[in-house]
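Following UniProt numbering, the numbering of the sequence shown begins with 1 at its first residue and continues without gaps. From the three backbone atoms N, C-alpha and C, an ideal C-beta is built for every residue, glycine too.
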Amino acid sequence: MTTVTPTRGPMLHPRITVLVRPNGTVQLGWDPEQAVIVQPPGPLEAVPALLRLLDGSRTEGEILWRARELGFGPEVAQSLLTQLAAAELLAADEPRARLRKVRVHGRGPLADALLEGLRRIGLRAKHSLGRPCEPGIAELDTERPDLLVLSDTLVPDPGLVTGLMRRRVPHLQVRVRDGRGIVGPLVLPGQTGCLRCADLRRAEFEPAWPQLAAQLLGRVGYASPAGVAMTAALALKEIETVSFGRVEHPPATLNATLEVDLDTPHLDRRPWPAHPNCGCGESARV
């Protein structure tokens, strides 16, 4: 697996494949909808060499200087860099992880998959078990995580959720429901809706929801190993976005859930906006 490391200068994103077309022009990528053809003024045969300069080890000034040696004027090389940046084909310097302390709370296959996956993306996570060993609320004061992942349990313990809100601990719910992997919502106390908001929204079109939810408390959903892996991968991508993502591409689970059908697979995004009767903003400020 190729990872993006901090760079000093422009770097063509490692995911982009450089290809030469029959007429000598260069194509970046091979996706039929997103591939880009570049044909800067200058010797076509030298374009691949020009692109190889974009390896992150050279400053922009060094690239412009070396481009001259390949037969491309500084203005041509500068224009190419501008076009590549506009097309988001250049890799940005990898930001420092925003998440330093992650806790996965839950007992089940999703928790196991998430812990392993978090290690692979460079985040060390602690693990706490779900019922009957719910962590003491005081533990959130002594070791407050930057993100707590509520995994496996279909309906989390209300006391734990209240403690997370009062201590302003961001949390993300990940579980499996009736053949669908559900990721979200991602709750940022005081900034987004909360899990109680989602409960109130659901109760609006399913009045029996409070009674049903009480029966689901502490239960773990079922999925095949492939379904678990699919759900965990979706959650890990959201966590990766929270920790390393760019501001212009926020997590998709803010005030929403991502729901993947584990049989098709088809992905839906279901909105769960803040509910006016919840008062979660006030509880987060207590």
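| query | result |
| --- | --- |
| Sequence-distant residues of the same chain with beta carbon closer than 7 Å to Ala-232, five excluded per side | Leu-110, Ala-113, Leu-114 and Gly-117 |
| Cβ-based neighbour list, Leu-90, same chain, cut-off 8 Å, excluding 5 preceding and 5 following | Pro-10, Met-11, Leu-12, His-13, Leu-54, Leu-81 and Leu-84 |
| Bounding residues of the beta strand (DSSP E) (the contiguous stretch that carries Asp-261) | 256-261 |
| Distance between beta carbons of Leu-258 and Val-155, contact taken as under 8 Å | So it is not a contact: roughly 18 Å between Cβ atoms. |
| Backbone CA spacing between Ala-203 and Cys-194 [nearest angstrom] | 14 Å |
| Residue environment, Thr-253, which counts as buried when at least 16 other CB atoms sit within 10 Å | buried |
| For Gln-34, the three-state DSSP class (helix, strand or coil) | coil |
| Inter-residue spacing [alpha-carbon to alpha-carbon] between Trp-65 and Glu-33 | 33 Å |
| Same chain, Cβ closer than 7 Å to Pro-43, neighbours up to 5 away in sequence not counted | Gly-71 |
| Cβ-Cβ separation, Thr-153 to Arg-196 (assumed contact under 8 Å), whole Å | Not really, about 16 Å apart at Cβ, beyond 8 Å. |
| Extent of the continuous beta strand (DSSP E) run through Ile-239 | Not the beta strand (DSSP E): Ile-239 falls in the alpha helix (DSSP H), residues 225-244. |
| Of the listed residues Pro-185, Asn-23, Leu-236 and Thr-162, nearest to Arg-270 (C-alpha basis) | Pro-185 |
| DSSP beta-bridge partners of Leu-80 | Paired residues: none, contrary to the question. |
| Segment limits, alpha helix (DSSP H) that includes Pro-210 | 209-216 |
| Beta-carbon proximity of Pro-170 to Lys-101, cut-off 8 Å | no |
| Reduced DSSP secondary structure (H/G/I, E/B, other) of Thr-142 | helix |
| Contact belief for Leu-172 with Gly-227 at Cβ below 8 Å, rounded distance in angstroms | With a Cβ gap of about 19 Å, Leu-172 and Gly-227 do not count as contacting. |
| Simplified DSSP assignment, three categories, for Ile-63 | helix |
| Alpha helix (DSSP H) segment containing Asp-112, residue limits | 109-120 |
| Buried/exposed call for Asn-255, threshold 16 Cβ in 10 Å | buried |
| CB of Glu-240 within 8 Å of CB of Ile-121, strictly | yes |
| Pro-185: first and last residue of the uninterrupted beta strand (DSSP E) it sits in | 180-187 |
| Boundaries of the beta strand (DSSP E) in which Leu-172 is found, first to last residue | 171-177 |
| Which residues DSSP lists as bridging Val-26, in chain order | Val-20 and Val-38 |
| Where Pro-189 falls, given that 16 or more other Cβ within 10 Å makes a residue buried | buried |
| Through-space distance from Pro-210 to Met-230, alpha-carbon basis | 29 Å |
| Three-way DSSP call (helix, strand, coil) for Ala-85 in this model | helix |
| Asp-178 versus Leu-150 - alpha carbon distance | 18 Å |
| From Thr-264, Thr-192, Ala-87 and Gln-27, residue whose alpha carbon lies closest to that of Cys-280 | Thr-192 |
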